[in-house]
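A.B. asks: Below is a structure I'd like to ask you about.
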């Protein structure tokens, strides 16, 4: 159920409807938009008695939602969600393209800073690095844990980049929430519903990656878990799906971008590093991702890819990332997106 | 690394080698077999100095393991793992076929007992029922929680069937470990490594289901996570994978059974209910599963499938489960397996 | 459209309705069944005027068919199609299980006879061998062509086995129709509609293999192409589909067997050789195929698999085929199927 | 085997080596490049005696090719293949982007001309339209046949666009070769090796579409069939593969473009119409295809999509195609490609 408020409904009227909903035993989710505020109702089995709400002050109409997802739907919120961060102009989901770059895993202070310095200079506004690594083998490097988080906090301090890093269970999520700016939920945990609920109660935005064989609907429903707990700052990320094709590690499904944007107000990233698994495919697919309309890119960069403790073959050399940024900026300008940050100033010299 | 003890090595010699390994800073996993004991070494990055161990009393040879999985491998343990339970002759992995049956979710005491009575009478030695349900939608029925576990404990009391139920996070795993006989890890959590590690520290056997798009190697590595923490009582379960095919909910991959049995000593179940998603396919695919050599079946049965709160379309009516058991018994006898329990006595009257 | 005749309609009445249909400019396909004859109408765009036909002598009712396939549907023909051959009791689609065995390709007279002698002795009623091989590489062995067909005709002469071999274009189909007993259309040509139409005008039965990524509906529609041209003797064959799974060459989809049998009257084979691509998986999956209810098996056997010019790794040694036949006979007896031929006499000595 | 000639080898020397190869019983394929000519050798089982050739005048070296594909490989021909057409500057594979547009099927003279007029005006240099349609159902519209070809020949006459249309068997290929400029082999026939060989003997260029579940290697090997018969003017086309994903008709695999370009000298198109199956995804994916580096686009446009006899839901309205061309031109300019034709002049007015 969805309550659409009138264009000029007051804050008080919105609050009144929300309180009524909660008194009825449900949960109210107010989503302010440019034109109007809509209020999603969850926690109801079956239908809420429509009449009571329809008669309230400021209410325009009460709509039954037939899709399985509610809060992530454009039906509830027509305008794109834009995630903002204190102390930076960088956003996720606005006109600016959000660029996330960094190593697969934080391996040491030296390595992390070496990469951070270069991706920052190239224009990335977000730094990624794994402190908790979900590895196929129990005998592989599992990340530096809290030590890795501390290193990334220093990187934020030094370069002003916002930090995105993965949480793999409730314990690590507590720490990631404390140290980082965006909590990443990885592909393998896309349907770890217990973790999604915990992320829904976090105070930080969440970046949710698509599961390896998740349909569009399952992906949106996983996001719905987070929103249903009250955290509306969620960004999605396409990172390739598993198919028979063997020329890339995964098959990057770029058609998902316009498909998500049609159904949902949430921003969506593309991760061409996991999406292809091959260094020489990352830049062309980054261009394609921006051209198709993605709201951001998430790219693995390593100062010494050949010595990386994980995902070396798909990590770019810093020079390659510079080149990627140049190309991406030009594509971005064609599709009406900007790439803010240091890079923008540099752009003047680039021959277009 | 793998230390193979001599055929007549004493327990003391085995203990000596294990202690030596632990003193070197690694973890020792002794796996007694019919002919010999082998000791797996984990926790080593790179190679352990072979010489020290090779010279110890009772040691026959020290072998480098080239496969990524170690403890689940037949290289380490030639004999099939057989999981035994106090107070019943039912095993998982022995000559007897393990039959797990019950509703998708425990919905009420009445429903659970109604199903339990019927599947027990038909010969099932294990009762399944979900208390914690991983549901695609946050708004769907999520299970009765601890109340469901209590109902199942009563069922064990009454019928003697052992209880298998799913844990979805550390909290529910604590409770499942307390109430149930086998802890199930579902397909969606197959690479929830944090949960796998917790299950590896549990005192109860674990049933691990294959992820929706997991390769054989990823599946074995997920099991390796559990064994690497010291819990060697692990059974696997094929439950269909996601493909383009749309005549069934998933594509049941029966070739996985002989493939697992070649590489690993762990028993493997087939779940034809999730594997097909269609009631009318469950019995034929159960016959096929037993014919291909599966160690057990996991089947959803409901007293009123049309009113089931989840998975109704794939749940058998109790009468259909009776018929399934009859057919499965006959196939089992051809492949040298028995179906123990009440059913066995009944078998006398069945015309073969 | 489908005209259902009364139970006691005379042949003349059936003929009358068919002639009427043809006069209206359509094509009539009479399908006699145990209880009644039904007449399928094709060639109509949109609907046929029902009235005219409904009033004719012997007509019980005229039914609109909503499914895209008509002639292959059980709606038109309730009874299973049984394909019979002169001079042998072997059938495709009856109670007897049809066993097709032989090498991937006929490589020489010696090789073909060596294999034929063994598979015949083991109980196969059909001999398979490729004379025209669709090979991924233009530089691989493409088959002996007509010479291969002549060798197989000699094998029929000598052993009484019926010959099944693949046609890859109209030219080879002409020759296969002349020399062989069953025309095989391979997986790669499942949607070569031009070839399907030609096969539909052939005087010999057709074995149609499922395409590598064909849905059930596409598979049935491909068969419909053959029937729509007037050839109703069609058998289907599941041979594995392409998925992400890499432990077998293809993923054998046994759930297709009951799915086909529900919707269609056509018999269906399983090819566990292509379905798995691995010799050690062929026998377990053959057991499973018979247990699930397949009407026949198609198995690759070679006298010297290691020297085979194609598909060596999935070809059984003759001794392995003997063992397969023993096991399959026992499973067959459980599901109410017989394995006729020499093997049947041998069966007496087998301890069940 | 591959003979690399010296940079300044004369035509006579090249001819000499080719004649020698043919005298040895093999087939020689001379591939002139910007720097050097290389000569591929096919028809050899095993190795050709290297010595004889290495000593010939003009020969620099003789190389063994380890990849299964030879003639399509960049090892043989370093420079991109550029397909040229008499009477037009449009090329396939050059700096200019090749734009193919038109209806799925030619339904009538009026329809075809209506679409042709619009796509020509928008800048398409190639007109597509099916005269022979491979349809899933035998009862669906199968194309106008030769009448359709005649209509397209008139369109070429009137608008100067080159004609691309599909051949589905040897008979239709004869006619397509006569009437059209490029012979298309569809996805369903990608491994119809008999048809590929016939196309290899045709005098016109061939556009080969990727099969629905073809790996990169299988795709290149299918092209190799055509080249091995002497037709070196081959272009490839990615058109989506079959996966579990259900938000689009197929999953468009754009990573294939850089993958093909790395291994082969052949140009590669993208077909976003079949690749997505949804009108609203065609334009974003066209942008992405050009951004990733495709050599051309193949787009379905219909004057009345809602009345189309096939593929209506994925066909663009002419106005949408105008908009697509505008966007594509801008992306093209970023990746160093031009969109020649009428469109180019129009471009001046477009604000970039």
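Residue numbers (this note's numbering), protein chains in the order written: chain A, 1 to 352; chain B, 1 to 352; chain C, 1 to 352; chain D, 1 to 352. From the three backbone atoms N, C-alpha and C, an ideal C-beta is built for every residue, glycine too.
#1: For residue 30 (chain D), which beta-bridge partners are listed by DSSP?
#2: Taking just the CA atoms, how far does residue 253 (chain B) sit from residue 252 (chain C)?
#3: Suppose you measure from the CA of residue 248 (chain D) to the CA of residue 287 (chain B); what does that come to, to the nearest Å?
#4: Of all the CB atoms in chain D, is at least one closer than 8 Å to the CB of residue 37 (chain B)?
#5: What are the start and end residues of the beta strand (DSSP E) that includes residue 237 (chain B)?
#6: Please report the straight-line C-alpha distance between residue 263 (chain B) and residue 67 (chain C), rounded to a whole angstrom.
#7: At the 8 Å Cβ level, is residue 218 (chain D) part of the contact set with chain C, yes or no?
#8: Let me know if residue 319 (chain D) comes out buried or exposed under the rule of 16 or more other beta-carbons within 10 Å of its beta-carbon.
#9: So, are the CB atoms of residue 152 (chain D) and residue 113 (chain D) less than 8 Å apart?
#10: Out of C:98, C:338, C:327, C:20, which has the shortest C-alpha to C-alpha gap to residue 164 (chain C)?
#11: According to a CB-to-CB cut-off of less than 8 Å, which residues of the segment 232-261 of chain D neighbour chain B?
#12: Between residue 339 (chain C) and residue 292 (chain C), what straight-line distance do the alpha-carbon atoms span, to the nearest angstrom?
#13: At a Cβ cut of 7 Å, what residues of the segment 190-207 of chain C count as close to chain D, listed as they run along the chain?
#14: On a Cα-Cα basis, can you pick out the residue from A:313, A:282, A:310, A:250 that is closest to residue 322 (chain A)?
#15: Which runs of the alpha helix (DSSP H), 4 residues or longer, sit entirely within the segment 97-129 of chain A?
#16: Label residue 108 (chain D) either buried or exposed according to how many other C-beta atoms from any shown protein chain fall within 10 Å of its C-beta, with 16 as the threshold for buried.
#17: Rounded to whole angstroms, what's the CA-CA distance from residue 265 (chain C) to residue 289 (chain D)? Just pull it up for me.
#18: Please state if the CB of residue 5 (chain D) and the CB of residue 62 (chain D) are separated by a distance shorter than 8 Å.
#19: How far does the alpha helix (DSSP H) with residue 89 (chain D) in it reach, from first residue to last?
#20: For the 8 Å Cβ check, are there 3 or more pairs between the segment 117-124 of chain C and the segment 138-145 of chain C?
#21: Where does residue 298 (chain B) sit, in a helix, a strand or coil, going by DSSP?
#22: Under 7 Å between beta-carbons, which chain C residues line up against residue 228 (chain D)? List them in chain order, please.
#23: Should residue 288 (chain B) be flagged as near chain C, meaning a C-beta pair shorter than 8 Å?
#24: Use the C-beta contact count for residue 10 (chain B): other C-beta atoms within 10 angstroms, 16 or more gives buried, fewer gives exposed.
#25: First and last residue of the alpha helix (DSSP H) that includes residue 207 (chain A)?
#26: Is there a Cβ of chain C sitting closer than 8 Å to that of residue 42 (chain D), yes or no?
#27: If I'm right that residue 160 (chain C) touches residue 243 (chain C) with Cβ under 8 Å, what's the distance once you round it to whole angstroms?
#28: Assign residue 350 (chain A) to buried or exposed, taking buried as 16 or more other Cβ atoms, counted over all protein chains shown, within 10 Å of its Cβ.
#29: Smallest Cα separation from residue 136 (chain C): which of D:25, D:21, D:196, D:306?
#30: Can the beta-carbon of residue 167 (chain C) be found less than 8 Å from the beta-carbon of residue 149 (chain C)?
#31: Drop a sphere of 10 angstroms on the beta-carbon of residue 15 (chain C), count the other beta-carbons inside from all chains shown, and report buried for 16 or more, exposed for fewer.
#32: Assuming residue 267 (chain C) and residue 296 (chain C) make a contact with CB atoms under 8 Å, what is their CB distance in whole Å?
#33: Do you know how far the Cα of residue 117 (chain B) is from the Cα of residue 343 (chain B)?
#34: Taking 8 Å as the threshold (beta carbon to beta carbon), is residue 26 (chain A) in contact with chain B?
#35: Hey, how far is the Cα of residue 250 (chain A) from the Cα of residue 58 (chain D)?
#36: What does a CB cutoff of less than 7 Å around residue 85 (chain D) pick up in its chain, not counting 5 residues either side in sequence?
C.D. replies: So, from the data block:
#1: In the fourth chain, counting from the first residue as 1, residue 30 (chain D) sits at position 30. D:39.
#2: Start at 1 with the first residue of the third chain, and residue 252 (chain C) comes out as number 252. Start at 1 with the first residue of the second chain, and residue 253 (chain B) comes out as number 253. Going from the Cα of residue 252 (chain C) to the Cα of residue 253 (chain B) covers about 7 Å.
#3: The count along the fourth chain starts at 1 and reaches residue 248 (chain D) at position 248. The count along the second chain starts at 1 and reaches residue 287 (chain B) at position 287. About 36 Å.
#4: Translated into positions along the second chain, residue 37 (chain B) becomes position 37. No, its Cβ sits nowhere closer than 8 Å to a Cβ of chain D.
#5: Within the second chain, numbered from 1, the residue matching residue 237 (chain B) stands at position 237. Unbroken beta strand (DSSP E) run through residue 237 (chain B): 234-238.
#6: Within the second chain, the letter at position 263 stands for residue 263 (chain B). Within the third chain, the letter at position 67 stands for residue 67 (chain C). Each residue's Cα considered, the two are about 45 Å apart.
#7: Position 218 of the fourth chain, counted from the first residue, corresponds to residue 218 (chain D). It does: the Cβ of residue 218 (chain D) has a partner Cβ on chain C nearer than 8 Å.
#8: In the fourth chain, residue 319 (chain D) corresponds to position 319, counting from 1. Burial call: exposed.
#9: Position 152 of the fourth chain, counting from 1, holds the residue named residue 152 (chain D). Position 113 of the fourth chain, counting from 1, holds the residue named residue 113 (chain D). Not closer than 8 Å, so no.
#10: The residue you call residue 164 (chain C) lines up with position 164 of the third chain. Minimum Cα distance to residue 164 (chain C) is reached at C:98.
#11: 242, 243, 244
#12: Reading the third chain from its first residue, position 339 is the one you call residue 339 (chain C). Reading the third chain from its first residue, position 292 is the one you call residue 292 (chain C). Looking at the two C-alpha atoms, the distance is approximately 16 Å.
#13: 191, 192, 193, 194
#14: If you number the first chain from 1, residue 322 (chain A) lands on position 322. That would be A:282, whose Cα lies nearest to the Cα of residue 322 (chain A).
#15: 109-122
#16: Counted from its first residue, the fourth chain places residue 108 (chain D) at position 108. Label assigned to residue 108 (chain D): exposed.
#17: The residue you call residue 265 (chain C) lines up with position 265 of the third chain. The residue you call residue 289 (chain D) lines up with position 289 of the fourth chain. Using only the alpha carbons, I get a separation of about 45 Å.
#18: Here residue 62 (chain D) corresponds to residue number 62 of the fourth chain, with the count starting at 1. Here residue 5 (chain D) corresponds to residue number 5 of the fourth chain, with the count starting at 1. Not in contact: residue 62 (chain D) and residue 5 (chain D) (Cβ atoms no closer than 8 Å).
#19: Numbered from its first residue, the fourth chain carries residue 89 (chain D) at position 89. That residue, residue 89 (chain D), is in no alpha helix (DSSP H); it is neither H nor E in DSSP.
#20: no
#21: Walking along the second chain from the start, residue 298 (chain B) turns up at place 298. Reduced to three states, the DSSP call for residue 298 (chain B) is strand.
#22: Along the fourth chain, one-based indexing puts residue 228 (chain D) at 228. Near residue 228 (chain D) (Cβ distances below 7 Å), the residues of chain C are 138.
#23: Here residue 288 (chain B) refers to the residue found at position 288 of the second chain. Yes, because at least one Cβ of chain C sits closer than 8 Å to the Cβ of residue 288 (chain B).
#24: Here residue 10 (chain B) corresponds to residue number 10 of the second chain, with the count starting at 1. Classification of residue 10 (chain B): exposed, given that the 10 Å Cβ count is below 16.
#25: The count along the first chain starts at 1 and reaches residue 207 (chain A) at position 207. From DSSP, residue 207 (chain A) is part of no alpha helix (DSSP H) but of the beta strand (DSSP E) over 206-209.
#26: On the fourth chain, residue 42 (chain D) is found 42 positions in, with the first residue counted as 1. With 8 Å as the cut-off, residue 42 (chain D) counts as an interface residue toward chain C.
#27: Residue mapping note: residue 160 (chain C) aligns to position 160 of the third chain, counting from 1. Residue mapping note: residue 243 (chain C) aligns to position 243 of the third chain, counting from 1. So it is not a contact: roughly 39 Å between Cβ atoms.
#28: Here the question's residue 350 (chain A) lines up with position 350 in the first chain. With a pLDDT of 30 at residue 350 (chain A), under the threshold of 50, the predicted position of this residue should be treated as unreliable, and no value is reported.
#29: Counted from its first residue, the third chain places residue 136 (chain C) at position 136. Checking every option, the nearest Cα to that of residue 136 (chain C) belongs to D:196.
#30: Taking the third chain and counting its residues from 1, one reaches residue 167 (chain C) at position 167. Taking the third chain and counting its residues from 1, one reaches residue 149 (chain C) at position 149. Not closer than 8 Å, so no.
#31: Here residue 15 (chain C) corresponds to residue number 15 of the third chain, with the count starting at 1. Exposed: under 16 other Cβ atoms inside 10 Å.
#32: Here residue 267 (chain C) refers to the residue found at position 267 when the third chain is read from its first residue. Here residue 296 (chain C) refers to the residue found at position 296 when the third chain is read from its first residue. At roughly 7 Å, the Cβ-Cβ gap stays under 8 Å, so residue 267 (chain C) and residue 296 (chain C) are in contact.
#33: Taking the first residue of the second chain as 1, we reach residue 343 (chain B) at position 343. Taking the first residue of the second chain as 1, we reach residue 117 (chain B) at position 117. Since pLDDT at residue 343 (chain B) reaches only 43, below the 50 mark, its modelled position is unreliable, and the value read off the structure follows with that caveat. The alpha-carbon atoms of residue 343 (chain B) and residue 117 (chain B) are separated by roughly 13 Å.
#34: As a position in the first chain, residue 26 (chain A) is number 26, starting the count at 1. For residue 26 (chain A), the answer is no, since every Cβ of chain B falls outside 8 Å of its Cβ.
#35: In the first chain, residue 250 (chain A) corresponds to position 250, counting from 1. In the fourth chain, residue 58 (chain D) corresponds to position 58, counting from 1. Answer to the nearest angstrom: the Cα atoms are 45 Å apart.
#36: Start at 1 with the first residue of the fourth chain, and residue 85 (chain D) comes out as number 85. So the qualifying residues of the chain are 162, 181.
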